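Numbering-wise (the working numbering), the sequence shown opens with residue 307 and increments by one.
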Amino acid sequence: MAVTYSETDPRKKAYIFELDNVLFPAKDYYYQIYYLFANLLEYTELNSAAKTTELMIDTYNDKGEGAVYDELVARLNVDEKYRSKLEIMLLTARLPLKLLLYSNMLTFIQEAVTDRKKIFIVTNGAPQMQLNKIRQVEWHGLQPYLTCYFAEETRPKPEPDVLHLLMKEHSLERRDLLMITGSETDILCAEACGLDHLPASGILY
Numbered sequence: 307m308a309v310t311y312s313e314t315d316p317r318k319k320a321y322i323f324e325l326d327n328v329l330f331p332a333k334d335y336y337y338q339i340y341y342l343f344a345n346l347l348e349y350t351e352l353n354s355a356a357k358t359t360e361l362m363i364d365t366y367n368d369k370g371e372g373a374v375y376d377e378l379v380a381r382l383n384v385d386e387k388y389r390s391k392l393e394i395m396l397l398t399a400r401l402p403l404k405l406l407l408y409s410n411m412l413t414f415i416q417e418a419v420t421d422r423k424k425i426f427i428v429t430n431g432a433p434q435m436q437l438n439k440i441r442q443v444e445w446h447g448l449q450p451y452l453t454c455y456f457a458e459e460t461r462p463k464p465e466p467d468v469l470h471l472l473m474k475e476h477s478l479e480r481r482d483l484l485m486i487t488g489s490e491t492d493i494l495c496a497e498a499c500g501l502d503h504l505p506a507s508g509i510l511y
């Protein structure tokens with residue numbers, strides 16, 4: 307049974323979220339980039355966009371994002387010169403479709419905001435790419451209530467430096483915060499900082 311906002315500790319003043327696979331499925335971003343890149347290749351190299359997209363998505367799911375371009379080189383003989391194009395697209399591309407929040411997360415955040423709680427996004431990953439994602443999420447008017455920290459600008463999670471910075475800048479104590487975790491990295495980070503935490507899966511399912 308999914309945990310709702312009203313079931314969390316009412317004494318909490320703020321909630322901390324990661325982006326990928328906590329607020330929305332990370333694949334929704336990558337799949338759209340792969341579609342755009344495959345269509346670029348079809349235009350310049352006459353490769354089948356459908357075949358390229360399928361291979362990129364399958365590789366992402368089987369081996370992870372880092373293996374995608376190497377698989378294109380090995381399986382479709384895609385030229386190395388396009389690797390940097392894909393890297394730039396991952397950082398800056400305008401997506402065909404908005405990224406949609408998990409419905410339970412949207413409801414949770416809306417209720418927290420209505421209750422005058424602070425909402426923080428604390429995200430690992432390249433700041434430029436994470437910001438590009440944030441700009442293309444359908445936030446349903448929540449943007450003014452969000453404060454984002456890019457952990458790479460201090461030290462990536464699980465190091466707790468970014469949480470210490472957040473607490474200092476917003477005059478918050480450990481007991482004021484609940485961290486919604488999406489990975490072992492998040493859990494280790496929360497525990498290193500002494501924060502209460504709740505798995506995202508507890509809200510989503």
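The C-beta atom is built at its ideal place from N, Cα and C for all residues, glycine as well. All values reported here derive from a predicted model rather than from experimental measurement.
Between residue 321 and residue 473, is the Cβ-Cβ spacing less than 9 Å?
-> In this structure, residue 473 does not lie closer than 9 Å to residue 321 by Cβ.
Sort out for me which residues DSSP pairs residue 428 with in a bridge.
-> In the DSSP output, where bridge partners are listed per residue, residue 428 has 455.
Indicate whether the contact test is met: 3 or more Cβ pairs, each with one atom in the stretch 342-352 and one in the stretch 446-453, closer than 8 Å.
-> no
Where residue 307 falls, given that 16 or more other Cβ within 10 Å makes a residue buried = In this structure residue 307 is exposed. Its beta-carbon is surrounded by fewer than 16 other beta-carbon atoms within 10 angstroms.
Residues sharing a beta bridge with residue 485, DSSP = 322, 503
In whole angstroms, what separates the C-alpha of residue 368 from that of residue 334?
-> 16 Å
Classify residue 328 as helix, strand or coil using the three-state DSSP reduction.
-> coil
When DSSP builds the beta bridges, which residues end up paired with residue 471?
-> Checking the DSSP bridge columns, you'll see residue 471 has no partner listed.
Might you give, ordered along the chain, the residues of its own chain that have their beta carbon closer than 7 Å to the beta carbon of residue 375, omitting 5 neighbours on each side?
-> Setting aside the 5 residues that flank it on each side, residue 375 is surrounded in the same chain by 389, 392, each with a C-beta closer than 7 Å to its C-beta; the list follows chain order.
Output the boundary residues of the alpha helix (DSSP H) element that contains residue 377.
-> 374-382
Given that a residue counts as buried once 16 or more other Cβ atoms are within 10 Å of its Cβ, and exposed if not, what is residue 490?
-> exposed
Does DSSP classify residue 309 as helix, strand or coil?
-> coil
Quick one: grab the DSSP three-state call for residue 444.
-> strand
In three-state terms, what does DSSP make of residue 401?
-> coil
What did DSSP end up calling residue 352 once you bin it into helix, strand or coil?
-> Correct three-state label for residue 352: coil.
Pick from 495, 401, 502 that is closest to residue 429, judged by C-alpha positions = 495
Taking the continuous alpha helix (DSSP H) assigned at residue 417, which residues delimit it?
-> 409-420
With a Cβ-Cβ cutoff of 9 Å, do residue 324 and residue 492 count as a contact?
-> yes
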